[in-house]
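Asker: Dropping a structure here in structure tokens format, bear with me for questions.
Residue numbers (UniProt numbering): 1 to 202.
In structure tokens form, the structure reads like this:
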């Protein structure tokens, strides 16, 4: 599937296509339905200013690497897509898409809250979250919740609307990362701002 929807913001087609390939591989692996859960990982106001990219990146890595210790949340998680952003108002934050086997789990809002609560635990109370599935009815093009992979419309909304938003270009985050690297007075480190991981068998 190639990108056919053109939003009013710039995005990385390479990043976008890699995430779309993950979704299509779910279909190739025999999954007929997935449950897409969008959660934003943020830091509470009082911790934003002192939060470096390296610290929030460590929290994100710890959450995913420790998922096997949380089978009540991640047992049926097929993978996830994440994007790091930065704004003056919210500081560093992650936009995340978790993809579950919808034949095993159905309560998308519940799982969004469970993931968000786990983020708060991982960050030792410094973090907070936004469960985008809670008010999913407000979206004109619904690409979260239960997605039938044989539905052209539902697959289009997930792959051509939700994912490009995650893959959108963000110059602010690059500037913020450069400031953090310079402040450390160390060799420049490449910090990824987009990625995906999955548990699929190819």
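Don't be surprised by glycine CBs; every beta carbon is placed ideally from N, CA and C.
Ignore the nearest five residues each way along the sequence and tell me which others in residue 54's own chain have a CB closer than 6 Å to its CB.
Answerer: none
Asker: In chain order, which continuous runs of the beta strand (DSSP E) of length 3 or greater are located wholly inside the UniProt domain "YagK/YfjJ C-terminal" (29-111)?
Answerer: 33-43, 77-87, 91-101
Asker: Which runs of the beta strand (DSSP E) spanning at least 3 residues fall entirely within the stretch 111-147, listed in chain order?
Answerer: 127-131
Asker: Determine the direct distance from the alpha carbon of residue 41 to that of residue 92, and round the result to whole angstroms.
Answerer: 9 Å
Asker: Taking Cβ positions, are residue 63 and residue 81 nearer each other than 8 Å?
Answerer: no
Asker: Within the same chain, show all residues whose beta-carbon is closer than 8 Å to that of residue 197, passing over the 5 residues directly before and after it, in chain order.
Answerer: Same-chain partners within the cutoff: 64, 79, 80.
Asker: Can you tell me where the beta strand (DSSP E) holding residue 198 begins and where it ends?
Answerer: 194-198
Asker: Using only CA atoms, which one of 77, 35, 23 lies nearest to residue 199?
Answerer: 77
Asker: For residue 162, which residues from the same chain have a beta carbon less than 6 Å from its beta carbon, with the 5 sequence-adjacent residues on both sides left out?
Answerer: Closer than 6 Å at Cβ, skipping near neighbours: 143.
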